[in-house]
Amino acid sequence: MRIPRAIHRWSLTPRQAIALQQRLRGRVRVEPLVWPVRRVAGADMAFSPDGRRCVAGVVVYDLQTHEVVEQALAWRDVRFPYVPGLLSFREAPAVLAAVRKLKIPPDAFILDAQGYSHPRRLGLASHVGLLMESPTVGCAKSRLCGTHDDPPAWPGTFAPLRDGDEVIGAVLRTRPGVKPVYVSVGHRVTLDDAVRLVMTCVTRYRVCEPTRLAHQLVTRHRGDMD
DNA sequence: GCGACAG
DNA sequence: ATCTTGTCGC
Numbered sequence: 178m179r180i181p182r183a184i185h186r187w188s189l190t191p192r193q194a195i196a197l198q199q200r201l202r203g204r205v206r207v208e209p210l211v212w213p214v215r216r217v218a219g220a221d222m223a224f225s226p227d228g229r230r231c232v233a234g235v236v237v238y239d240l241q242t243h244e245v246v247e248q249a250l251a252w253r254d255v256r257f258p259y260v261p262g263l264l265s266f267r268e269a270p271a272v273l274a275a276v277r278k279l280k281i282p283p284d285a286f287i288l289d290a291q292g293y294s295h296p297r298r299l300g301l302a303s304h305v306g307l308l309m310e311s312p313t314v315g316c317a318k319s320r321l322c323g324t325h326d327d328p329p330a331w332p333g334t335f336a337p338l339r340d341g342d343e344v345i346g347a348v349l350r351t352r353p354g355v356k357p358v359y360v361s362v363g364h365r366v367t368l369d370d371a372v373r374l375v376m377t378c379v380t381r382y383r384v385c386e387p388t389r390l391a392h393q394l395v396t397r398h399r400g401d402m403d
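Take any residue in the first sequence, note its place counting from 1, add 177, and you have its number in our numbering.
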């Protein structure tokens, strides 16, 4: 898959990274996703025991056949520490490298991270969506910021995730009796699209299929870091 | 100053 | 994220 030339570099100090997020946030577009969506990509990462190497994996899931139609992996040296709010500077380079290896551009991507529900509204899902110029959705397993009530018990329902008066995401119940997930807009989708896409990709587990399969893929390759 | 904090 | 076994429950 073709990805536009780099807009910026990744070797930045935390302070510069924050300044960059402020400059890029205005470029994120919230617009309707084109349905029906058939090929959905899930991306995830795994790290070596010493934390110096990482591998990113992307799995493309066909919603019509429920089959994996393509997958790719990319290894990298870890060059940025984990800092809440700056996850993209640690993980995006490897994720983008793996995405570049795909033959066909997926209709949308689901990232195991926040998108709009971020202190500066530019979580990993939004950041990579912007760089790929592709539709992305953020679907995290825990909260980064914002407040919310418990979502209803019924699968598919959600409670709005708020930051003051603004709705920044949805705390979505994907399955009965399990913790909800944090869904937010990445790029070129609306929050309704994001919730609908995640629910469409859910089968019998809490996390949706593309994300779950990507997690399995990188976990299987955690041993061979090159 | 204290607590929170995606992966 | 990663380090780690068994164990409670459906």
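We treat Cβ as the ideally placed atom computed from N, Cα and C, and that holds for glycine. Remember, predicted model here, so these are calculated numbers, not experimental data.
**Study point:** C-beta contact flag for Ala269 and His304 at 7 Å
**Key:** It is a contact, given that the beta carbons lie within the stated cut-off.
Review point. What's the C-alpha gap between Pro261 and Trp212?
Key: Rounded to the nearest angstrom, the gap between the Cα atoms of Pro261 and Trp212 is 33 Å.
Exercise for review: Excluding the 5 residues preceding and the 5 following Gly333 in the sequence, name in chain order all residues of the same chain whose CB lies nearer than 6 Å to its CB.
Suggested key: Its chain contains Met376 as the residues whose beta carbon lies nearer than 6 Å to that of Gly333, once the 5 sequence neighbours on both sides are disregarded; these appear in chain order.
Practice item. Look at the alpha carbon of Cys378 and the alpha carbon of Trp187, and state the distance between them as a whole number of angstroms. Key: Taking the straight line from one Cα to the other gives about 32 Å.
Review point. Since His364 sits in a beta bridge, which residues does DSSP pair it with?
Key: For His364, which the question treats as bridged, DSSP gives the partners Thr313.
Practice item. Round the Cβ separation of Val217 and Ala285 to the nearest angstrom and send it over; I've been treating them as touching at under 8 Å. Key: Confirmed, about 5 Å.
Review point. Quick one: what's got a C-beta closer than 7 Å to Leu279's C-beta in the same chain, skipping five residues either side?
Key: Result list for Leu279: Met178, Val235, Val237, Glu247, Ala249, in chain order.
Exercise for review: Per DSSP, which residues does Trp252 bridge with? Please list them.
Suggested key: Looking at the DSSP assignment, Trp252 forms a beta bridge with Val232.
Exercise for review: Locate the alpha helix (DSSP H) running through Ile195, then write down its first and last residues.
Suggested key: Here the alpha helix (DSSP H) through Ile195 covers 191-201.
Practice item. Report all residues from its chain with a CB closer than 7 Å to the CB of Ala328; omit the five preceding and five following residues, and keep chain order. Key: Per the sequence presented here, residue 328 reads as Pro, with Ala not at that position. Residues of the same chain with a CB within less than 7 Å of the CB of Pro328, apart from the 5 flanking positions on each side, are Thr334, Phe335, Ala336, Val348, Leu349, Arg350, Pro357 in chain order.
**Study point:** Three-state class that DSSP yields for Phe266 in the structure shown
**Key:** Three-state result, Phe266: helix.
Point to revise | Short Cβ contact (7 Å threshold) for Glu208 with Arg373 | key: Result no, Cβ atoms of Glu208 and Arg373 do not sit closer than 7 Å.
Practice item. Helix, strand or coil for Arg186, going by three-state DSSP, please let me know. Key: For Arg186, the secondary structure class from DSSP, reduced to helix, strand or coil, is coil.
Exercise for review: Please work out which residues of its chain come closer than 6 Å, Cβ to Cβ, to Gly300, disregarding the five sequence neighbours upstream and downstream, and give them in chain order.
Suggested key: Result list for Gly300: Ala290, Gln291, Gly292, Gly315, in chain order.
Point to revise | Which residues DSSP lists as bridging Leu338, in chain order | key: Beta-bridge annotation (DSSP): Leu338 is paired with Gly346.
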